Every structure is written in structure tokens, then in C-alpha cells.
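Numbering (my numbering), first residue to last: 37 to 332. For each residue, glycine too, the CB sits at the ideal point set by N, CA and C. Predicted, not measured: the structure shown is a model, and the values here were computed from it. Heads up, the thing below is written out as C-alpha cells.
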């Protein structure tokens with residue numbers, strides 16, 4: 037089953053929820069960045085979270101960036117989503133490998149670290165983007181994201197994320213859910229949400245049984261009747277192009293571009309999010325430099 041996102045609301049109107057399955061796009065990210073299992077898990081969780089947040093945006097061309105830097109060996113883990121939930125991402129140190137936790141699971145928290153922040157950047161096509169940031173709790177990402185909503189946006193939330201890596205290091209299952217209380221929800225609703233999450237168990241075990249995100253939501257919210265609002269296919273999607281790379285070269289300025297031509301002759305640019313490589317000959321670089329005009 038291809039990756040999908042499902043958005044729902046409880047029939048009583050007190051809870052909204054979203055779930056994603058992201059095995060294909062996480063595997064695509066693994067192949068692009070050649071990540072180790074723990075880096076795959078950290079990046080995969082971040083991509084799933086960004087997809088769920090990005091899909092909630094309104095307006096064409098809006099985007100959401102989720103940036104996590106906990107001071108751990110992975111460095112910064114970054115994911116960018118469009119308003120449909122299509123994502124792309126990167127991690128500073130994709131080859132990091134650390135010992136498993138005592139329970140035999142990948143130590144994502146140890147790889148991400150806890151001495152840093154989780155930052156959400158919403159670009160709504162306005163003058164300045166909205167930026168919110170909170171300190172990391174444990175670096176496992178799901179609990180950190182839930183804490184972000186409580187602290188930064190005052191929305192009681194529960195989040196579950198999971199990536200299961202196979203013996204050959206490929207992605208077996210990946211995805212997650214985000215549940216948020218709406219105004220008027222009382223303690224009884226909170227108890228029902230918590231009970232459903234506890235009874236359902238880990239995200240990866242649920243996805244191994246059924247990779248349908250709607251099934252994931254219904255299992256986690258078993259005490260609620262749900263209205264499914266939206267089901268959307270999602271994918272790993274990068275918006276890079278040769279034109280964008282040309283603009284990046286131009287943004288270097290005349291002095292730095294001239295030095296590149298003088299010292300290297302040509303240039304080869306690789307997109308940080310995907311495996312798109314573009315070669316620019318010396319003549320092409322000189323043409324870009326000429327098009328910039330004389331420096332004032």
C-alpha cells in the first residue's frame with residue numbers, strides 16, 4: 037500500500053486526529069542519504085511528523101519546516117512538508133551508528149540528543165514565517181512534538197511515531213499519529229484518549245498488522261466514533277530544479293562566484309534533499325556572472 041494520510045474528527049466534536057503511513061517515502065530518504073538504521077528511524081519519524089503538520093496548512097504554496105537539533109551525534113534532523121503532506125528531509129550525519137538501547141531497540145533519543153530544541157516553522161506566504169520552538173524532552177521526537185503543542189500553542193496533544201528497519205536496513209513500516217483535543221473536551225475525553233493509546237500499543241506493531249492509516253487511527257481511538265475528513269496520497273517530493281540551483285549560484289555574489297570560476301572552472305551542485313546533481317560548465321558560470329551585471 038502506498039503512503040497515505042488520513043485526517044479525522046470524533047463525532048462528538050471534541051477530538052481531531054491525523055495519521056500517516058510513510059514506509060515508501062522513508063525508504064526513499066534512506067536510499068538518498070544512505071542512512072544507518074538509527075538515522076533512518078530519526079529522519080523517518082521527523083518526516084512523518086512534518087507531513088501531518090504540513091497537511092494542516094491552508095493555501096497553495098505554503099510549507100512547514102520541522103527542525104530538531106538535540107546536540108547528539110546526528111546533528112540537525114530536518115524535514116519540509118508542502119500543504120498536501122508531501123515531504124523531503126535531511127540529516128547532518130547520516131552515517132552515525134550507536135549501540136542499541138537496553139531493550140534492544142534503536143536509540144533514537146541518544147542519537148538525537150536532548151540538549152537542544154524542536155522548532156516548527158510555518159511559511160504561510162506572508163511577510164514573515166511563524167516560528168515556534170521548545171526544548172527537547174527526550175529526543176524520541178513524538179513526545180517532543182506533543183510537548184511543543186502544549187507549550188507553544190496550548191493544544192493538549194498526543195503523538196505516536198515509529199519506524200521499523202528490516203534486517204537488510206530497508207524500511208519495513210513507518211508512520212504515526214497526532215491526536216489533539218478541541219475546545220470543550222473534559223477530563224473524561226482525556227481519559228478515553230489515553231486509554232485508547234495505551235491499549236493500542238506501539239505504532240510499529242500496529243502498522244505491521246495493518247499499514248492502512250485509517251486502521252491505525254481507529255485502533256488508537258477505539259473509544260470514539262470517527263468521521264473521516266480526508267484521505268490523501270503522500271510521497272517524498274523535492275522541489276529542486278536547475279533554475280533554483282542557478283539562483284543559488286547567483287546568490288553567492290560576484291566575488292565568490294568569480295573565485296569559484298577562477299579556482300574550480302566548473303561546478304557540480306547536489307540538492308541537499310534529493311539525489312539531483314546538476315553540472316555547470318565554466319562557460320555557463322561565466323554567463324551567470326555576466327548576467328549579474330557590474331557590481332555597484
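Helix, strand or coil at residue i according to DSSP, with G and I counted as helix
{"i": "residue 197", "result": "strand"}
{"i": "residue 150", "result": "coil"}
{"i": "residue 94", "result": "coil"}
{"i": "residue 130", "result": "coil"}
{"i": "residue 185", "result": "helix"}
{"i": "residue 273", "result": "coil"}
{"i": "residue 44", "result": "strand"}
{"i": "residue 159", "result": "strand"}
{"i": "residue 76", "result": "helix"}
{"i": "residue 172", "result": "coil"}
{"i": "residue 62", "result": "helix"}
{"i": "residue 224", "result": "helix"}
{"i": "residue 19", "result": "Since the first and last residues shown for the chain are 37 and 332, residue 19 lies out of range."}
{"i": "residue 331", "result": "Caution applies to residue 331, whose pLDDT of 45 falls short of 50 and renders its modelled position unreliable; the value that the coordinates give is listed next. If DSSP states are grouped into helix, strand and coil, residue 331 belongs with coil."}
Residue i and residue j closer than 8 Å at C-beta
{"i": "residue 196", "j": "residue 178", "result": "yes"}
{"i": "residue 209", "j": "residue 247", "result": "yes"}
{"i": "residue 285", "j": "residue 324", "result": "yes"}
{"i": "residue 155", "j": "residue 103", "result": "yes"}
{"i": "residue 289", "j": "residue 239", "result": "no"}
{"i": "residue 64", "j": "residue 268", "result": "no"}
{"i": "residue 82", "j": "residue 56", "result": "no"}
Closest by C-alpha distance to residue i, when choosing among the options
{"i": "residue 340", "options": "96, 282, 306, 115", "result": "Here the chain comprises residues numbered 37 to 332, so residue 340 is not present and cannot be evaluated."}
{"i": "residue 105", "options": "122, 151, 203, 186", "result": "151"}
{"i": "residue 100", "options": "123, 64, 81, 260", "result": "123"}
{"i": "residue 277", "options": "93, 305, 265, 128", "result": "305"}
{"i": "residue 200", "options": "38, 194, 60, 182", "result": "60"}
{"i": "residue 54", "options": "64, 62, 48, 42", "result": "42"}
{"i": "residue 262", "options": "51, 39, 38, 40", "result": "51"}
{"i": "residue 89", "options": "139, 160, 293", "result": "160"}
{"i": "residue 78", "options": "111, 95, 93, 300", "result": "111"}
{"i": "residue 11", "options": "163, 321, 80, 282", "result": "Any question about residue 11 goes unanswered here, given that the chain covers just 37 to 332."}
CB contact check: residue i to chain C, cutoff 8 Å
{"i": "residue 223", "result": "Structure shown: chain C not included; a single protein chain is present."}
In DSSP terms, what residue i is bridged to
{"i": "residue 293", "result": "Per DSSP, none; premise fails for residue 293."}
{"i": "residue 211", "result": "57, 198"}
{"i": "residue 99", "result": "118, 159"}
Would the region 125-136 and the region 73-87 be scored as touching if the rule is three or more Cβ pairs under 8 Å? At 8 Å Cβ cutoff, the stretches touch.
Any 3 or more C-beta pairs closer than 8 Å across the region 252-266 and the region 204-218: Contact between the region 252-266 and the region 204-218 is present: 3 or more CB-CB pairs across the two stretches fall below 8 Å.
Is the region 164-180 touching the region 140-149 in the sense that three or more CB pairs, one from each, lie closer than 8 Å? Taking a cut-off of 8 Å on C-beta distances, the region 140-149 touches the region 164-180, as three or more cross pairs fall below it.
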